[in-house]
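Okay, so here's the structure we're looking at.
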Amino acid sequence: TKANLENLQAMGNKHATGSTSKLLDNIRKMKSFILSGKKVHLNAETKANLENLQGLTRSRNAMIANAAKVLPKKYMNQYDSFSPDSTLCQPEKDLDELLLRCQKILPMFKQKLTKITKAAGLDPDKVATWQGKEIMLTSDTPYTSLTVAPLKTKARCAEKAENEYDGDFSRIVDIVRASIVVANEDQLIFVARALHNEGAVRLKNRFKEPLFTGYSDALYNLKVDGIVCEVQLHVSAIVAHKEESHHYYVYFRSFFAGNIAVCEKRIAMLETCIDPEADLQTMLWGMLTSEDKDLIRNMYSLVYEMGDYNLCEILCRRLCELDPDNLTRMDDLATALLGKCKYAEAEMLFRQCLEASKTSLGETHPNTLNSMDNLATVLNSQGKCTEAEMLSRECLGACKTSFGETHPNTINSINNLAGAL
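Residue numbers 5 to 425, in our numbering, belong to the letters of the sequence shown in order.
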């Protein structure tokens, strides 16, 4: 790709003619949006996205710093998360029978956890605090060192079984549940060891693998007289941020979905691009008036995945100013315009990208076929179905010949053709 773009640049500088010359001239003549004023327009969606990115970074940094301060031994890192080979289930499938058994073992469950909490040097009934403030479980109820929740109600069990387990009540393993909040790592070590000694049957250890928000805790399942119960183990310095952290978890959950490598890559981009304390306009203006293409590209990648095409357009226009001979950047700009329903401008840019790609890369090059697909998409969006269908058929035929019938590019072309029909 680098070689192709370098060749295209050389061609544009020395030998460009026709559509390629027109494309390069249009890019070079693009009026700088930066010079049009000293303020970047932020619509409500973009402003909310940036504020939440800043909030996530701020909250994440605070939790990571607190964890490093209160958990210096990193004791919990020695425990891998584990679960049984088969699905963890309750011994009863009938909900009424299951609730009766849960009610019966609840005092025994509380007694076990009370003994563990006291042995760790904690007062089970003492309100948990951090920096002198009560840590709230709900809006009006604080955590205590040991909080044993009421049994999950029959209605809530029925709802959860229906929504998550295809009506199988035996899959609900948190009908009997509790939380333990420790203040320091020594207490954490004692409680963790005690729960392991109780024969924990499953562990989700988020101290070792925190959520993308930086939040960490441990969730244990253990059996009491055959009934699977749940114990959440928290550290006060971290759980104090749980409510704020959960807001960002909900807001960005789909964005940070995927495997660990994908998540870590996006977190790295977040840390590179976002200053959690800066004024939004100052932060964005500083980025857009710089010549740091890598920084701007990372920011573009971050907000593109969030679907913020307004900010994508702004960033892409700046990238096109910095790198006017780069067809990929121009294609990114056209895609952002398509996302904003600026069809006429998107169509013009996609046509020029396609013509330039044919000239420099060849008619069957993947980048050329991608430009063809993109142009067909924007044509279809404008109701130009006949031309969109013709282009989609041409692209599909070339993809089948170049890549085979089961290649992802071919499948994508089939989908685009279906959309045009």
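Even glycine gets a Cβ: it sits at the ideal position worked out from N, Cα and C.
Query, Result
"Segment contact flag, the segment 240-257 with the segment 56-64, C-beta cutoff 8 Å, min 3 pairs", "yes"
"DSSP three-state assignment for Met140, whether helix, strand or coil", "strand"
"For Ala265, the three-state DSSP class (helix, strand or coil)", "helix"
"Gly290 versus Leu141: straight-line alpha-carbon distance, rounded", "40 Å"
"Whether Leu400 touches Ala392 by CB criterion (8 Å)", "no"
"Assigned exposure category for Lys77 - 16 Cβ within 10 Å defines buried", "exposed"
"Segment contact, 8 Å Cβ cut-off, at least three pairs: the segment 315-329 with the segment 90-108", "no"
"Arg206 (DSSP reduced to helix, strand or coil)", "strand"
"Contact with chain D by Val243, beta-carbon distance below 8 Å", "No chain D appears in the structure shown, which is made up of a single protein chain."
"Continuous beta strand (DSSP E) stretch holding Ser258: start and end", "Taken as a continuous stretch (DSSP letters only), Ser258 belongs to no beta strand (DSSP E), as it is neither H nor E."
"Assigned exposure category for Gly218 - 16 Cβ within 10 Å defines buried", "buried"
"His238 in three-state terms, based on DSSP", "strand"
"Secondary structure of Lys158, DSSP reduced to three states", "helix"
"Inter-stretch contact at 8 Å, needing at least 3 Cβ pairs: the segment 176-195 / the segment 149-161", "yes"
"Rounded distance between the beta-carbons of Ala71 and Ser174, thought under 8 Å", "Actually they do not touch by this definition, with Cβ atoms about 36 Å apart."
"Proximity below 8 Å, CB of Cys357 to CB of Ala338", "yes"
"Nearest-angstrom Cα separation, counted from Phe216 out to Gly262", "11 Å"
"Inter-residue Cα distance where the pair is Leu365 and Ala162", "59 Å"
"Where Pro146 sits in the DSSP three-state scheme", "strand"
"Sequence-distant residues of its chain with Cβ nearer than 7 Å to Lys158 (five each side left out)", "Leu99, Leu103"
"Straight-line gap, Met34 to Thr293 (C-alpha atoms, nearest Å)", "The predicted model places Met34 with a pLDDT of 46, which falls under 50 and marks its position as unreliable, so this point remains unresolved."
"Ala165 in three-state terms, based on DSSP", "helix"
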